[in-house]
Amino acid sequence: MQLKARKRILEAMRDTIRTLTGVTAKDVWPTWEQNMEARVNADTGEEYLTPDFSKGVTAAVNKRLFSQTADCVIQDLNRQITVSEAANRPDWTKDPSFRVTKRDIVDLAKVSFNGYKRQWADEQDEERGRKARRNEQKSRRSLRRETKLKHLQMAVPAYIKKHKKDPTPLLHADHMSDEASGPEDYQNEEEVNEWKKDMANRLGLTNLTPKGLEQLAVFEVIIPDWRSEYTSDIFHELNDTHWKSLKLKDKQRFHQRVLDSTRSSGINDLPMMSPYNCMINVEWYERHVNNVELREMLGDWFDHADPEGWGQPVVEE
């Protein structure tokens, strides 16, 4: 009988903890931080409790959760025990030897807490893995932008000879397009393989064997939404000039590049170095200039006059 009661109390405990914390079975557990922004129940206006899984059961925020959980569970138990019709009560409530105190329930709350703590730790490991992959991805892309910059700089003399203008002031690694060697924020190798299949199809390589697909060296060029076509045209001409200057054996060292995908930079990869006015996509800027999240990044955009001899119409076609 006591085992039945314990099982029922643990079930109520788990449900109550999720209700008080506002974390459903589909949600990721939040990480407690000092002075963190309150999480509020939109229906009741009450503040959700946030357990501190980085600490043990004696932490003040966790003891508060246990106490409130126990109070809610006790109310539920009393409701079941005092049901007027005995036939509707759970069997264990009819046992005269059944006794339970708030301390007993708090101890059971700690059992549920430790189970959720393991779940939170697993989620943190996954998030750390995602962050590590993102950081590695950013480092690789930064190196590729630096390499691309050097290639464009090598084409500058030919550009000057043709156009009688030096594009050097417009060239900065921050303003190069990114080149991705895999899908965005991927979770497993299966997603990478699907991405490679898509890239191969875009390159017209539709009959690759599994081994050929595995060995495919390809970059997906990510369109920088913030950058003007005026600037992209200049960069593309420099890139083409550099490519044509290479010998065949040098070209064979380069990855193939997919230029016609729909993947773009979005708003999360803006350049740290603010671009010249002529380098900014006006339509993109007007759509995002009032975005609170971008206010700091876009604060001095259109404050940098174009280098002499460079510029474009105010409104892009």
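Counting in UniProt numbering, the sequence shown runs from 1 upward without gaps. Glycine is no exception: its CB is placed at the ideal position from the N, C-alpha and C atoms. Model, not experiment: these values are computed from the prediction.
Secondary structure at F113: helix, using DSSP grouped into helix, strand and coil. A residue is called buried when at least 16 other Cβ atoms come within 10 angstroms of its Cβ; N281 meets this threshold and is buried.
C-alpha of E123 to C-alpha of W29: approximately 8 Å in a straight line. In this structure the stretch 301 to 312 does not touch the stretch 250 to 265; the number of beta carbon pairs closer than 8 Å is below three. Taking the Cα positions, V73 is about 52 Å away from S181. DSSP, read as helix, strand or coil, puts Q75 in helix. Per the Cβ contact rule, the stretch 186 to 202 is in contact with the stretch 258 to 268 (3 or more Cβ pairs under 8 Å).
Between R144 and E179, the gap from beta carbon to beta carbon is short of 8 Å. Between D52 and D27, the alpha-carbon positions lie close to 16 Å from each other. As the crow flies, the alpha-carbon of S245 is around 31 Å from that of L270. Judged by DSSP in its simplified three-state form, I9 adopts helix.
With contacts defined as CB atoms closer than 8 Å, L65 and Y48 fail to qualify as a contacting pair. Close CB contacts of S265 within its chain, under the 6 Å cut and outside five residues either way in sequence, are with I222, P224, D225 (chain order). For I160, the enclosing alpha helix (DSSP H) has its first and last residue at 156 to 163. Counting every other CB atom within 10 Å of its CB across the protein chains shown gives R141 a total of 16 or more, marking it as buried. Burial state of R287 is exposed, judged by a 10 Å Cβ sphere holding fewer than 16 other Cβ atoms. Taking the C-beta atoms as reference points, T69 is found no nearer than 8 Å to V61. In the three-state scheme derived from DSSP, where H, G and I count as helix and E and B as strand, E127 is classed as helix.
The beta carbon of V57 lies closer than 8 Å to those of K63, F66, K110, F113, N114 in the same chain, with the five residues before and after it left out.
Beta-bridge pairing by DSSP links V221 to E179.
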